[in-house]
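Be aware that the sequence shown starts at 1, since it is given in the UniProt record's numbering, and climbs by one per residue. Think of the CB as a built atom: it goes at the ideal place given N, C-alpha and C, for glycine as much as any other residue.
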Amino acid sequence: MSRRQRNSFFQCQQFRIEQGDCAMKVTTDASLLGAYAKVTDAKRILDIGAGTGLLSLFAAQRSTAAIDAVELDAGAARQARLNFEHSPWSDRLRLIEMDIRVYAKQPATQYDVILCNPPFFTDSTKNSCERAALARHNTYLPLSDLIQSIDALLSSEGVTWLLLPLPETETVIQLAEGFGLYPQERMQVRNSAEHLPHREIIALSRGPKVCAHTDFTLYKQHPYHTRAAAELFGPYYTHMKVADE
Numbered sequence: 001m002s003r004r005q006r007n008s009f010f011q012c013q014q015f016r017i018e019q020g021d022c023a024m025k026v027t028t029d030a031s032l033l034g035a036y037a038k039v040t041d042a043k044r045i046l047d048i049g050a051g052t053g054l055l056s057l058f059a060a061q062r063s064t065a066a067i068d069a070v071e072l073d074a075g076a077a078r079q080a081r082l083n084f085e086h087s088p089w090s091d092r093l094r095l096i097e098m099d100i101r102v103y104a105k106q107p108a109t110q111y112d113v114i115l116c117n118p119p120f121f122t123d124s125t126k127n128s129c130e131r132a133a134l135a136r137h138n139t140y141l142p143l144s145d146l147i148q149s150i151d152a153l154l155s156s157e158g159v160t161w162l163l164l165p166l167p168e169t170e171t172v173i174q175l176a177e178g179f180g181l182y183p184q185e186r187m188q189v190r191n192s193a194e195h196l197p198h199r200e201i202i203a204l205s206r207g208p209k210v211c212a213h214t215d216f217t218l219y220k221q222h223p224y225h226t227r228a229a230a231e232l233f234g235p236y237y238t239h240m241k242v243a244d245e
């Protein structure tokens, strides 16, 4: 089986993510954001840069919220829309094919929760198609524009959840503070105890707060997940190896 065939879809317990038309495939890090972000009590959720629709679908499974997903890329938007239509929550999922900066300037409903996994270009991005897509995205949507859009769309008591490469985190926090958005939670993510953290999940809300700092380890030893990872991914993944701890 070719790599393309193997990666053409991602099967979860309650839904399936077709991803053949998306440059950025489903990743464990993105799944972690989808499974970890606090969405249970949200009434309205926004997914910025929806891609395959993974974050929206994870959120739909754990909430009763109405979910809007904004995606500019035509191929990704088409893929996400189909994934939504074929899910059990099609009546609560809406795909909006639009520039998030344009959407933020419209008289739109503000959101209790905003989810975003910005596709940053890093040296670890090995696939040439992914590298090209990321390079275009970084040029197209600067971080400052993303944070400004979040500020316009987040409700007064809302929380934004971002998944970031570690080198970008402090830049994002500094930009966010310029809009009165401050971290209330920061979680550094590492593959295993032998690895340094490579990603960070941050939760931003309005006004300074005491920020909780935590760490999360995905694997005891690849491919065996830690118990903490298994607990988060358990409601979603169809197959998972769990380490004895």
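Pick from the options: whose alpha carbon is nearest that of residue i?
i           : options            : result
residue 101 : 202, 148, 69       : 148
residue 217 : 202, 73, 205, 191  : 191
residue 163 : 30, 20, 16         : 30
residue 231 : 20, 14, 36, 92     : 36
residue 195 : 186, 170, 172, 222 : 222
residue 21  : 141, 88, 78        : 78
residue 26  : 38, 41, 50         : 50
residue 206 : 244, 41, 158       : 158
Measure the CB-CB distance between residue i and residue j and report whether it falls below 8 Å.
i           : j           : result
residue 184 : residue 197 : no
residue 181 : residue 145 : no
residue 12  : residue 224 : no
residue 76  : residue 67  : no
residue 248 : residue 109 : Residue 248 falls outside the range modelled here, since the chain spans only 1 to 245, and no answer is possible.
residue 214 : residue 220 : no
residue 209 : residue 112 : no
residue 94  : residue 65  : no
residue 166 : residue 117 : no
residue 17  : residue 83  : yes
residue 57  : residue 15  : yes
residue 202 : residue 33  : no
residue 153 : residue 176 : no
residue 40  : residue 63  : yes
When we look at the beta-carbon of residue i and count the other beta-carbons within 10 Å, is it buried (16 or more) or exposed?
i           : result
residue 234 : exposed
residue 90  : exposed
residue 24  : buried
residue 211 : exposed
residue 124 : Reliability of the predicted coordinates at residue 124 is poor, the pLDDT of 47 falling under 50, and the value obtained from them is presented with this limitation in mind. Under this definition residue 124 is an exposed residue.
residue 156 : exposed
residue 193 : exposed
residue 170 : exposed
residue 47  : buried
residue 106 : exposed
residue 142 : exposed
residue 160 : buried
residue 104 : buried
residue 229 : buried
When DSSP labels each residue in this structure, what does residue i get in the three-state scheme?
i           : result
residue 42  : coil
residue 135 : Confidence is the limiting factor: at residue 135 the pLDDT is only 43, short of 50, which leaves the residue's position unreliable, though a coordinate-based value still follows. If DSSP states are grouped into helix, strand and coil, residue 135 belongs with the helices.
residue 190 : strand
residue 182 : strand
residue 68  : strand
residue 227 : helix
residue 75  : helix
residue 81  : helix
residue 142 : coil
residue 34  : helix
residue 236 : coil
residue 101 : helix
residue 62  : helix
Taking 8 Å as the CB-CB limit, is residue i close to chain C?
i           : result
residue 154 : As a matter of chain content, chain C is missing from the structure shown, which is built from one protein chain.
With a threshold of 7 Å (Cβ to nearest heavy atom), would residue i be considered close to the ligand GTP?
i           : result
residue 106 : For the structure depicted, the ligand GTP is absent and the ligand set is empty, with no information on it obtainable.
*Three or more C-beta pairs closer than 8 Å, one from the region 86-105 and one from the region 67-78: is that the case here?*
yes
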